[in-house]
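Worksheet: the structure to be examined is printed underneath.
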Amino acid sequence: MLVAFTLNAPEVIRFEPPLNTPHQLFDEVAEKVATALAETKKLVSEFA
Amino acid sequence: MNGDGESAAAAYARHVNDGLARLLSFMGLDAAAVRAEGCFVWDEQGRRFLDFLGGYGVFSFGHRHPRIVAAVTAQLERMPLSAKILFDKPTAELAARLADITPGSISKFFFCNSGTEAVEGALKLARLASGRSRIIYAENSFHGKTLGALSATGRDKYREPFLPLLPEFTGVPFGDATAMAKALDETVAAVILEPIQGEGGVIVPPLGYLAEVRELTRQRGALLILDEVQTGMGRTGYNFACEREGVEPDFILLAKALGGGVMPLGAIGGTPEVWAKFEQNPLIHSSTFGGNPLACAAGIAALDVLQEEQLAERAAQEGEPFLARLRKLAADYPDLVKETRSSRSRCWSHSRSMRRK
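These protein sequences, in sequence, are chains A and B.
Straight run, no breaks: the first sequence in our numbering ends on number 48.
Straight run, no breaks: the second sequence in our numbering ends on number 405.
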């Protein structure tokens, strides 16, 4: 599970990874964000 | 968790803060963390979490960086806390190391345990050094939740339950040098700013803003406090974010990653000029645990890691491709993503709008 958020500003998804994060993890995170956005868009369109 | 087999979530609800427990549970984060390493945290069921929250800047070096853990372990075996009767070598060494890499003529350090303590101390020392009382802060800023730091925090949702806050604190729009010029007069002790607003949503001011504020404060005889608690220690592609504009503050505030993700540690850095009156009365501001050898050993090791692994440079290099992908996603989903912001490297935010077409 990817955790990237801020409790203080729920409208913001905030990415604060360690500075020594391996390169491949960024690809993994970008894929997870893309998937989440696609699923959200589908949900929004279903309930529109 | 306890003798009745109560879970950590239930114990939080009963004995820590039920509102916090419900918030975490609502987000699906109601398990207890039991282990962490690098970018990952594991819960008691063995589930692995990819931690891109990073403790809001605490874990810039990852969880349990082996070099930092080793330094802390070694110091723990020797002497974790100060006896307060002799000098402490780790404290002295950390101050000297920070003096080498902080901007301008900052060469004096007071150590504490957190960012908000650093803010509190800096506000006091600025008033002491300047002989003035007014403090100017930026709207939408975040400097901490203790009373003095909260008085300099420009977020109504944190301020309003505790009004009235300290007098003689004035908020101005962030990034607006004209508004700053209007507010700055001969009564102002200091301007306190984050070089990039973190909690406010990763708000990067226009290039030149910090330099302009620096010049204005010099002209009006006020001091400049830069809160680098979140932006410091390589976070923005520089050791300290103020390096982006070559700005040299009178005070620099550090915490979070300064402790290497292993120990709580905060610091106020200042120039010899702003430190002079403090040195005349060195006990006028102090901390029982601030600058303890265990935390300072973590800080020294954190600086070693920052410099030897070239993490500021790496942040700048690695951040751009990820940012490009986020911006592409923002373009692909304009109804969901309002804006993507970055500080050139690794302070990203992704604002979203859930409005329907």
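Here a beta-carbon is modelled for each residue, glycine too, at the ideal position from N, C-alpha and C.
Taking C-beta pairs closer than 8 angstroms, name the residues in chain A that residue i reaches, listed in chain order.
i: A363 (chain B); result: L19
i: V250 (chain B); result: V12 and R14
i: F370 (chain B); result: F15, F26, V29 and A30
i: C87 (chain B); result: P17, P18, T21, P22 and L25
i: L377 (chain B); result: A30, V33, A34 and L37
Who are the near neighbours of residue i in its chain, counting only those whose CB is closer than 6 angstroms to its CB and skipping five residues on each side?
i: D199 (chain B); result: The sequence given here places Ser at residue 199 (chain B); Asp does not occur at that position. So the list reads L213, L214 and F217, once near-sequence residues are dropped.
i: A378 (chain B); result: V385 and T388
i: K70 (chain A); result: With chain A running from 1 to 48 in the structure shown, residue 70 (chain A) is simply not present.
i: G152 (chain B); result: E296
Check the Cβ of residue i against every Cβ in chain B and list those closer than 8 angstroms, keeping chain order.
i: K41 (chain A); result: Y381, D383 and L384
Quick one, which of the options has its alpha-carbon nearest residue i's?
i: D91 (chain B); options: B:L98, B:V82 and B:D99; result: B:V82
i: A166 (chain B); options: B:C87, B:A119, B:K193 and B:A186; result: B:K193
i: M281 (chain B); options: B:V261, B:L313 and B:G256; result: B:L313
i: E234 (chain B); options: B:K205, B:I183, B:A305 and B:T164; result: B:I183
i: H333 (chain B); options: B:A59, B:K172 and B:I133; result: B:K172
i: L354 (chain B); options: B:A372, B:M75 and B:L306; result: B:L306
i: T319 (chain B); options: B:T150, B:Q93, B:V277 and B:P128; result: B:T150
i: A227 (chain B); options: B:Y185, B:P128 and B:A364; result: B:Y185
i: Y381 (chain B); options: A:E16, A:A48 and A:A38; result: A:A38
i: A225 (chain B); options: B:K205, B:Y206, B:E263 and B:E208; result: B:E263
i: P170 (chain B); options: B:N329, B:F97, B:L301 and B:R180; result: Note on residue identity: the sequence assigns Ala, not Pro, to residue 170 (chain B). Selected option, being the one with the closest Cα: B:L301.
i: V220 (chain B); options: B:E291, B:Y206, B:F288 and B:I240; result: B:I240
Take residue i and list the residues in its own chain whose beta-carbon comes closer than 7 angstroms to its own, dropping the five residues that flank it on each side.
i: L11 (chain B); result: Nothing about residue 11 (chain B) can be reported from this structure: the residues present for chain B run from 49 to 405 only.
i: L43 (chain A); result: none
i: S45 (chain A); result: none
i: G223 (chain B); result: P253, P254 and Y257
i: H398 (chain B); result: Annotation note: pLDDT 46 at H398 (chain B) (below 50); position unreliable, no value reported.
i: N20 (chain A); result: none
i: A69 (chain B); result: A57, Y60 and A61
i: E208 (chain B); result: none
Under 7 angstroms between beta-carbons, which chain A residues line up against residue i? List them in chain order, please.
i: G105 (chain B); result: E16
i: R373 (chain B); result: A30
i: S108 (chain B); result: P18 and L19
i: F100 (chain B); result: L2, V3, A4, F15, E16, P17 and V29
Output needed for residue i: all residues of its chain with C-beta closer than 8 angstroms, excluding positions within five of it in sequence on either side, in chain order.
i: H111 (chain B); result: A84, E85, G86, C87, F88, V89, D99 and G309
i: E30 (chain B); result: Here chain B covers residues 49 to 405 and nothing more, so residue 30 (chain B) does not appear.
i: R80 (chain B); result: The sequence shown places Ala at residue 80 (chain B), not Arg. Closer than 8 angstroms at Cβ, skipping near neighbours: M49, S55, A56, A57, D91 and E92.
i: R203 (chain B); result: N188, S189, F190, E247 and G248
i: W396 (chain B); result: With a pLDDT of 47 at W396 (chain B), under the threshold of 50, the modelled position of that residue is not reliable, and the figure given next carries that caveat. Closer than 8 angstroms at the Cβ level, and outside the excluded window around W396 (chain B), lie V250, G367, F370, L371, L374, T388, R389 and S390.
i: I348 (chain B); result: A119, P138, E141, L142 and R145
So residue i contacts chain A; which residues on that side make the cut at Cβ distance below 9 angstroms?
i: R95 (chain B); result: M1
i: G282 (chain B); result: L19
i: E357 (chain B); result: L19 and N20
So, does the CB of residue i fall closer than 7 angstroms to a CB anywhere in chain C?
i: G318 (chain B); result: Looking for chain C here will not work: the only protein chains present are A and B.
Whole beta strand (DSSP E) elements within the region 197-247 of chain B, 3-residue minimum: Annotation note: the region 197-247 of chain B contains the following uninterrupted beta strand (DSSP E) runs of length 3 or greater, listed N- to C-terminal: 217-220 and 236-241.
Is it a yes or a no for the region 331-348 of chain B touching the region 123-142 of chain B, going by three-plus beta-carbon pairs under 8 angstroms? Touching, yes.
Taking the runs of the beta strand (DSSP E) that are 3 residues or longer, which of them lie wholly in the region 61-133 of chain B? Fully enclosed beta strand (DSSP E) runs of 3 or longer: 81-85, 88-91 and 96-99.
Complete runs of the alpha helix (DSSP H) confined to the region 314-385 of chain B [at least 4 residues]: Taken in chain order, the whole alpha helix (DSSP H) runs of length 4 or more contained in the region 314-385 of chain B are 320-328, 341-356 and 359-380.
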